[in-house]
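With UniProt numbering as the guide, the letters of the sequence shown map in order to residues 1 to 581. One structure is given here, and the rest of the page talks about it.
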Amino acid sequence: MNTRNQKSKKQELPVVEGPKRAYSYIRFSSKKQAKGSSLSRQLEKTRKYCRERGLLLDESMSYQDLGVSAWKGMNLDDRNGLGQLVAACQDGLIPPGSAIVVEAMDRISRQRPRRVSTLLGRFLDEFRVEIHLIGIEKVLLPDVPTAAEEGMDLMYIAMLASRAAEEQETKSDRLKAAFERKRRKVADGTKLMETKPGKMPWWIVYNGKSLESPPDRAEVVRSIYLWTADGVTAPEIARRLQASGIPTWRPVTKIWTSARVRDLVRSRAPEGILSETPKTAVSGLTYEVPGYYPKLVDADIAERARAAMTANRRQAGRPHEIRAEGERPINILRGLLRYEGHWCAHGTRANGTDGAMNGYFIVYLEELKKTLVSIPARLIEPTLLAGLVELKPADLVPPPDEVDPYVGKLASLKEELKKVEKVLESLADKVEQNPDIDTLLVRLREREADRKQLREEIGELSVKVKTRPSGTARETKELKSLIDADMRENAVRGRIAELLRSMIERIDFSYNPTAATGAVSLSLLQKQGLFIPDPLPASKRRKALSMIIHFRRGGRRAIVRLDPEKMAKIGRPDTLFSGRC
């Protein structure tokens, strides 16, 4: 089939009776495209398409991946737009019968055809939603009239997916070849990898002919390695640099953080070695070019510093390391907090008024060389703990309606297995009577394969039904008793940290409360949430936010602070929402 001529053979689009709800998905790969017209073009095409087809486009729940690749399924991560779209369908926020509107198949995925078919199968068969490909005016429906039409749809999907994947593989091969040519020239000394300030380490500058390290920057690098080798922790080094007024030599990031200190100590560049970045290593490209940068530290100092840094991190947070009141506060959310998909690092800084040490959470994007967000712990911790006051053991596990479907599906599969086994018996009898009929043998093998698959699915579901998690009262009771204790005491903070890590897998935090409005609505409808007093006084720093807490036993809880004006209008000023979701 010639896909280039598909536009000349437009599909007969289904007539929508009444305002069918539609939800858009928009994606482009390069962050540079965000500065162009790609976003506005896709948005306008989606709106026009929906107007012409009588679809009601719900723009309150738009799903976007701006600057996210679809080649290896990155957009399917739960922090990205397509992953959130799948979750919304799973949770029922996008109901069956809705329409997902997207410009083209390659916006959804550029993976291999089998993976794309599986993904679309979830949308069509599991979620029962339509897929509208507006660029070629093709609609994929959950139910089609005939097997022939369904087969044509599958072939069409496979063909589009194959072309998209081939294009991406060709592009990837060309980029890898170009990078390899550049790397060889770098190794030969005939070319520099980068000369732009933002692309090079902060202690390196390009003087027009070669790379060099100014003496003041080189001294800071050596000091960091020597301090680390002597056992000084990364947070303490960051505080020393900040207190001494040492610049970061970055146009955006003005604050020294423990993450930046650790990144420097891990780097081979101070030893003069150019090596792959973490992002490059993930793609399978590894290399080393000794002598590329000016050598600032010896190998033995670098090795000692890295060993000491590893030892410091292993010791952090152990019970015997809990510090007395008045020293650095223990991070009660260590390894739990994510801001819009990025894990948060924790640091402390002295209060300018009384010198007390205050904690803060920070996300530093090394690839962009900038701080994405810095959040004082005093704004996060009270909000989280207030939302956990009403926590019950049952909240730690998934609600029954998320487990019960396994039981129903298990019964359905067992019934289907009985039917397949009856067909197998009948076919076996016919094969005995007519052993030379190839079609019967083919059907027999197909049914045997069906039986094998059904037995495997039944086995998996049986395990899920038997291992339904349960909450414990001990954890929640002790946590509630500690919430009212003095949070300035590190002994209290240390125990709260242990309890939170034992119960919680992660906390997804965002300053965009609309990310959780669907969860709030669903929780209120099911009478599983309530409004509670906001622990923070009204001020400019008390911002709208959302936290989705993922418990280790499978339950989830939303803590949401909506816009103050909206809350005042509904008679709920100075309150938070806290509820199961």
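Glycine included, C-beta positions come from ideal geometry on N, C-alpha and C.
Per-residue DSSP class, three states only, for residue i
i: leucine 160; result: helix
i: asparagine 80; result: coil
i: valine 129; result: coil
i: glutamine 111; result: coil
i: tryptophan 343; result: strand
i: alanine 311; result: helix
i: proline 564; result: helix
i: arginine 260; result: helix
i: serine 24; result: strand
i: serine 578; result: strand
i: glutamate 276; result: coil
i: glutamate 166; result: helix
i: residue 582; result: Outside the shown range of the chain, which is 1 to 581, sits residue 582, and nothing can be said about it.
i: aspartate 395; result: helix
i: glycine 198; result: helix
i: valine 86; result: helix
i: arginine 323; result: Here the model assigns arginine 323 a pLDDT of 39, short of 50, so the residue's position is not dependable, and the following value carries that caveat. Three-state DSSP puts arginine 323 in coil, outside helix and strand.
i: leucine 154; result: helix
i: leucine 56; result: strand
From the options, residue whose alpha carbon lies closest to that of residue i
i: aspartate 153; options: Lys171, Asp188, Ser117 and Arg184; result: Ser117
i: histidine 342; options: Ala99, Pro95 and Ser374; result: Ser374
i: leucine 499; options: Lys543, Arg542, Ala449 and Arg334; result: Arg334
i: arginine 122; options: Gly135, Ser98, Gln90 and Gln64; result: Gln90
i: valine 221; options: Thr253, Arg181 and Glu271; result: Glu271
i: tyrosine 225; options: Arg556, Val492, Ala299 and Ile483; result: Ala299
i: asparagine 490; options: Ile332, Ser60, Asp574 and Asp58; result: Ile332
i: glycine 571; options: Arg542, Ile548, Phe551 and Ile532; result: Ile532
i: tryptophan 249; options: Arg268, Ala269, Ser258 and Arg217; result: Arg217
i: serine 412; options: Asp508, Arg181, Val139 and Arg455; result: Arg455
Residue environment, residue i, which counts as buried when at least 16 other CB atoms sit within 10 Å
i: leucine 372; result: exposed
i: leucine 530; result: exposed
i: arginine 474; result: exposed
i: serine 502; result: exposed
i: aspartate 143; result: exposed
i: proline 235; result: buried
i: threonine 170; result: exposed
i: methionine 105; result: buried
i: methionine 155; result: exposed
i: lysine 138; result: buried
i: serine 8; result: No answer about serine 8 holds up, because its pLDDT of 36 lies below 50 and its placement is not dependable.
Unbroken beta strand (DSSP E) run spanning residue i, endpoints
i: phenylalanine 503; result: First, the residue type needs correcting, since residue 503 is methionine and not phenylalanine in the sequence shown. Here methionine 503 belongs to no beta strand (DSSP E); instead the alpha helix (DSSP H) covers 490-503.
i: lysine 370; result: 370-376
i: leucine 545; result: 545-551
i: aspartate 534; result: Careful: aspartate 534 lies outside any beta strand (DSSP E) and carries neither H nor E.
i: tyrosine 364; result: 357-365
i: tyrosine 63; result: 63-66
i: alanine 99; result: 99-102
i: leucine 140; result: 138-140
Residue i to residue j span [Cα, whole Å]
i: isoleucine 204; j: serine 223; result: 16 angstroms
i: lysine 480; j: arginine 495; result: 12 angstroms
i: glutamate 276; j: tyrosine 287; result: 6 angstroms
i: glutamate 390; j: serine 578; result: 8 angstroms
i: phenylalanine 361; j: threonine 310; result: 21 angstroms
i: isoleucine 108; j: leucine 365; result: 26 angstroms
i: alanine 558; j: isoleucine 246; result: 41 angstroms
i: glutamate 565; j: serine 213; result: 53 angstroms
i: methionine 61; j: threonine 348; result: 37 angstroms
i: arginine 47; j: leucine 57; result: 7 angstroms
i: glutamate 415; j: lysine 477; result: 44 angstroms
i: glutamate 381; j: leucine 337; result: 11 angstroms
i: glycine 97; j: lysine 20; result: 8 angstroms
i: tyrosine 49; j: serine 40; result: 14 angstroms
Where the alpha helix (DSSP H) through residue i begins and ends
i: valine 220; result: 215-229
i: isoleucine 237; result: 234-243
i: tyrosine 49; result: 38-53
Proximity test, Cβ basis, 8 angstroms: residue i and chain D
i: asparagine 75; result: Absent from the structure: chain D. Only one protein chain is present.
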